[in-house]
Each structure stands twice: as structure tokens, then as C-alpha cells.
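These notes are about the structure you will find just below.
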Amino acid sequence: MEPVEINAGTYYLRSLRADELLDDRPRLLAAFADPVHRRFVPHYVVSTVEAATAYVEGRAREWIRDERCSWAVAEPTTGELLGEVGLKRLDLDAGTAEAAVWVHPAERGRGIAATALAAALRFGFGALGLRHVDYRHDAANHPSEAVARKCGFTLVDAAGSEQRWRLASDGDA
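Heads up: the sequence shown begins at 129 in our numbering, then just goes up one per residue.
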């Protein structure tokens, strides 16, 4: 599918970019250099401009392949990258996905994650017809737990070091 932009009220959701008009790579590098970010988003290493470029290009490919809808959470007047939100592990036939969200270290504590995730979930349930969305996070990541609760997820598994939450569409258990 083609990427879509979403008006999330205070923020807008758009594709990650690295072009002559808007370049998210410096903010990606800063976010991925943060020790807290690295602790809770350990599967990606974005430590060079080349790696940041590959990250942006990879997100674009995932949209086209219907594998992941990923948005830069952007400040509406400047377009500055504030974080990223997505619906990953998309299975459009089964109507399932897993939510993911992170916020740039300089922007934390402003409610950005919950606002962005709520907008992405509306898209997932409305436009994509998802039946349920899971959300996983490290049990020590208390801000992620707060985001899950604020977005209406129900805790379904708290065993071990990871918590798993689920949000179902109306009428789906």
C-alpha cells in the first residue's frame, strides 16, 4: 500500500524522509544514540548517516510490501521529527498487527506517544479493518505501560521481562 499522512491533532503523521526538503536522519541519529532509546529499541542500530538512510528506505519498503505502516510523528509547522509510530507485523488477511512507538529523547513527557499511537490505531481499525493490535514492551519501561493504558489496551501477559497488551476492534475479543 502507499503511505498515508494522518492528522493527529497536535501532531501529524507522515512518512520518514531524507530528501532536499525534509531530512529526518539527524533526529534519527540523535534518538538512536540515546541510552534509554537503545535499551528499549535494541533491534536497530542507527549510528551513521548511511544507517539512517537505510532505516528511512526500509520503512518505505515495508509500506509497499504491506508489512508495516510506519509514520514519523512530526511537529505540524516545521515538520520536525518528534518520534515514530507504527503498525508492524501486519497481517491484513487475519486483521492483526503489533503497535510500536518511540519518542525522541528531547520530546519525552509531552504525551506524544499516546496521541500518535491513538491516531495510528484509528487508521488500523478503520482503514485497514484490523481486528486486534498487540503492544509489547519491556516490563521496566513504565512510560510504555502508561501509553498502553491511555490507548485502551488490556494487559494479556506480564510474564518475564516483557508485557503484552491487546486492543480489539469493537465486537472482537
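All C-beta atoms in this analysis are idealised placements derived from N, C-alpha and C, irrespective of residue type, glycine included. These figures come from a predicted structure and were not determined experimentally.
Pro233 vs Ala159 beta-carbon contact at 8 Å: For Pro233 and Ala159, yes; Cβs fall inside 8 Å.
May I have the straight-line CA-CA distance separating Trp191 from Ala268, to the nearest angstrom? 30 Å
Nearest-angstrom Cα distance between Thr282 and His260? Their Cα atoms are separated by approximately 11 Å.
Could you give the distance in angstroms between the alpha-carbon of Ala225 and the alpha-carbon of Ser198? Going by the C-alpha atoms only, they are around 12 Å apart.
Tell me the DSSP bridge mates of Val261? Ala225 and Leu295
Does the Cβ-Cβ distance between Leu258 and Ser289 come in under 8 Å? no
Where the beta strand (DSSP E) containing Val213 begins and where it ends: Leu209 to Asp219
At which residues does the beta strand (DSSP E) containing Leu141 begin and terminate? Tyr140 to Arg142
Going by DSSP, what residues sit across from Asp285 in a beta bridge? Residue pairing by DSSP places Asp285 opposite Arg292 in a beta bridge.
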